[in-house]
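Here numbering that gives the first Met the number 0 is used: the first residue of the sequence shown is 0, the next is one more, and so on.
The beta carbon of each residue, even a glycine, is placed where N, CA and C say it ideally should be.
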Amino acid sequence: MFELIRELSKYKGYNQSFVSQIVDKITPFADEMHFDSRGNLIVRKYGEKYSPKITLLAEVKEEIYVVSSITESGSLVADANYFSLTYAQGQTVQVETKNGLVQGVIMAGETGQHAAVIDIGANSKNDAREMGVEPGNHVTLYDDFLYLGDEVSGRVVGKGLDNKVAPAIAINLLQQWDTAEGEITIIFFPFHNKKQLTYQLEGEAAFFIGSVSRQRIAHKSRGAIELGSGVAIKVADKTIPINQALKNQLVDLAIAHDIPFQLEFLFRHRYKKLSTKIPVSVLNIPIEHLDQTTQVVSVKDLEDTNQLIQTYLLRSKELQF
């Protein structure tokens with residue numbers, strides 16, 4: 000799992016190429032794969048006849064800056080995405096140009112305007128243009144992916160891990176998939192397509208893989224969320240109608256098979272609740288510094304998530320016979 004996330008973190012470019020990297024990894028293991036009209040990547044692995052069927056939802060995104068202008072001194076002004084520029088200052092970046100990737104570092108940010116000033120080593124606007132930089136070029140944060148401390152800790156640090164955990168779990172599950180376990184449909188989707196996904200769910204259950212910020216201290220009725228303590232099974236959500244019977248079944252299976260888990264009581268979304276035609280559960284991966292560009296995650300939490308899904312499939316198959 001560590002190597003898989005590390006490979007996914009190597010790409011430093013815009014969103015579509017990140018999806019292309021996912022396609023390369025899943026092609027040898029998929030029975031069917033296509034993009035729908037909304038840009039979602041639909042992947043299927045068929046199982047044995049009468050075996051259980053599930054859908055896995057994995058959000059795909061790559062946070063970027065976009066070069067909006069070049070100063071006379073050769074620095075770049077880039078508009079940021081949603082994240083706070085307070086955390087981005089001092090970060091190394093890569094600018095995707097017609098001549099290839101150009102290295103840079105964020106010197107300062109204009110927080111109110113969500114813009115950053117990037118030094119690429121140019122002495123003038125002409126120098127920057129000779130490097131291939133033009134307004135509209137994409138810029139991504141560059142950060143290595145390493146163990147925090149050492150391998151014993153089981154924790155890894157890297158940039159934008161909240162964008163990598165769901166694809167990593169989905170890819171790893173597909174690579175290890177046994178057709179005797181059942182049939183799986185994986186939908187890799189961009190965030191803006193989330194509301195339309197409810198009409199594409201297939202099988203007896205669907206699992207939305209997401210992330211949740213680590214909560215060291217329990218607040219009122221909300222429990223603490225820790226790294227390395229297992230997958231966070233969400234109890235309720237304002238966006239996704241979580242099926243309580245499915246949630247309870249996952250909890251019972253985790254207890255019976257000694258799979259570490261946590262219960263999540265956080266409510267973060269504000270838009271209208273969706274409806275689904277099959278039971279849905281939300282499985283979140285705890286992440287340290289979720290609101291920052293560089294984050295920490297426990298590899299064991301990802302592995303526990305895969306184990307829980309596979310255990311659910313095995314139990315579902317037993318109940319069919």
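**Item:** Host beta strand (DSSP E) of Y257 (start-end)
**Value:** Within the sequence shown, numbered from 1, the residue matching residue 257 stands at position 258. At residue 257 the sequence reads Asp, which differs from the Tyr that was named. Careful: D257 lies outside any beta strand (DSSP E) and carries neither H nor E.
**Asked** Along the chain, where does the beta strand (DSSP E) that runs through A114 open and close?
**Response** On the sequence shown, position 115 is the one that residue 114 refers to. Looking at the DSSP string, the run of the beta strand (DSSP E) that includes A114 is 114-118.
**Asked** Among E129, N136, V155, which residue has its Cα nearest to the Cα of T293?
**Response** Your numbering for residue 293 matches position 294 in the sequence shown. Here the closest residue by C-alpha is V155.
**Buried or exposed (CB count within 10 angstroms, at least 16 for buried), D300** = Position 301 of the sequence shown, counting from 1, holds the residue named residue 300. Looking at its Cβ environment, which holds 16 or more other Cβ atoms inside 10 Å, D300 is buried.
**Request:** Measuring only between beta-carbons, confirm whether S8 sits less than 9 Å from chain C.
**Result:** This model lacks chain C altogether; it includes just one protein chain.
**Request:** Decide if A325 is buried, meaning its Cβ has at least 16 other Cβ atoms within 10 Å, or exposed.
**Result:** Residue 325 cannot be examined here, being either before or after the span of the chain that is shown, 0 to 320.
**Request:** Determine the burial state of F34: buried for a count of at least 16 other Cβ atoms within 10 Å of its Cβ, exposed for fewer.
**Result:** By 1-based counting over the sequence shown, the position of residue 34 is 35. Looking at its Cβ environment, which holds fewer than 16 other Cβ atoms inside 10 Å, F34 is exposed.
**Message:** Across the segment 225-237 and the segment 256-263, are there enough close Cβ pairs to call them in contact, namely three or more that are closer than 8 Å?
**Reply:** A contact exists between the segment 225-237 and the segment 256-263.
**Request:** State whether the segment 205-214 contacts the segment 60-79, with contact taken as three or more CB pairs (one from each stretch) at a distance under 8 Å.
**Result:** no
**Asked** Mind checking E358: buried by the 16 CB within 10 Å criterion, or exposed?
**Response** In the structure as shown, the chain starts at 0 and stops at 320, and residue 358 therefore has no counterpart that could be examined.
**Request:** Kindly give me the distance between the Cβ atoms of L252 and S280, rounded to whole angstroms, as I take these residues to be in contact under 8 Å.
**Result:** Residue 252 sits at position 253 when you count from the first residue of the sequence shown. Residue 280 sits at position 281 when you count from the first residue of the sequence shown. Not really, about 11 Å apart at Cβ, beyond 8 Å.
**Request:** Could you give the DSSP three-state label for A231: helix, strand or coil?
**Result:** By 1-based counting over the sequence shown, the position of residue 231 is 232. Strand.
**Request:** Output the boundary residues of the beta strand (DSSP E) element that contains V76.
**Result:** Locating residue 76 in the sequence shown gives position 77, where the first residue counts as 1. For V76, the enclosing beta strand (DSSP E) stretches over residues 75-78.
**Asked** Do the segment 41-59 and the segment 176-185 meet, that is, are 3 or more Cβ pairs less than 8 Å apart?
**Response** The answer is yes - the segment 176-185 touches the segment 41-59, with three or more Cβ pairs under 8 Å.
**Supposed close pair N171, L3 - CB separation, criterion 8 Å** = Mapped onto the sequence shown, residue 171 falls at position 172. Mapped onto the sequence shown, residue 3 falls at position 4. Their Cβ separation, rounded to whole angstroms, is 6 Å, which keeps N171 and L3 in contact under 8 Å.
**Item:** Buried or exposed by the 16-neighbour rule on C-beta atoms within 10 Å, applied to Y198
**Value:** As a first step, residue 198 is located in the sequence shown; it is residue number 199 there, counting from the start. Y198 is exposed by the Cβ-count criterion.
**Span separating the alpha-carbon of Y311 from that of H288** = Sequence index remark: in the sequence shown, residue 311 carries index 312 (1-based). Sequence index remark: in the sequence shown, residue 288 carries index 289 (1-based). So the two alpha carbons sit approximately 30 Å from each other.
**Message:** Measuring only from the beta carbon, is G38 closer than 8 Å to any heavy atom that is part of the ligand FMN?
**Reply:** Looking for the ligand FMN in the displayed structure turns up nothing, as the structure carries no ligands at all.
**Prompt:** From the DSSP output, which residues share a beta bridge with Y311?
**Reply:** Here residue 311 is taken as the residue at index 312 of the sequence shown, counted from 1. The partner list for Y311 (beta bridge, DSSP) is empty, contrary to what the question assumes.
**Request:** Just the C-alpha distance for T54 and G120, rounded to the nearest angstrom, thanks.
**Result:** The sequence position of residue 54 within the sequence shown is 55, counting from 1. The sequence position of residue 120 within the sequence shown is 121, counting from 1. Taking the straight line from one Cα to the other gives about 47 Å.
**Request:** Give me whichever residues DSSP pairs with Y64 in a beta bridge.
**Result:** One-based indexing of the sequence shown puts residue 64 at position 65. For Y64, which the question treats as bridged, DSSP gives the partners V138.
**Asked** How big is the Cα-Cα spacing for K124 and K233?
**Response** Looking up residue 124 in the sequence shown gives position 125. Looking up residue 233 in the sequence shown gives position 234. If you take the alpha carbons of K124 and K233, they lie about 51 Å apart.
**Item:** Backbone secondary structure at V104 - three-state DSSP
**Value:** Position 105 of the sequence shown, counted from the start, is the residue given in the question as residue 104. Note: V104 maps to strand in three-state DSSP.
**Request:** Starting from the Cα of G157, find the closest Cα among I168, A167, L145 and give me that residue.
**Result:** Position 158 of the sequence shown, counting from 1, holds the residue named residue 157. Closest by alpha carbon: L145.
**Request:** Locate the beta strand (DSSP E) running through I168, then write down its first and last residues.
**Result:** Taking the first residue of the sequence shown as 1, we reach residue 168 at position 169. Looking at the DSSP string, I168 is not in any beta strand (DSSP E); the run it does join, the alpha helix (DSSP H), is 164-174.
**Prompt:** Just how far apart, CA to CA, sit E58 and N283?
**Reply:** For the purposes of this step, residue 58 is taken as residue 59 along the sequence shown, with counting starting at 1. For the purposes of this step, residue 283 is taken as residue 284 along the sequence shown, with counting starting at 1. Distance between the alpha carbons of E58 and N283 is about 12 Å.
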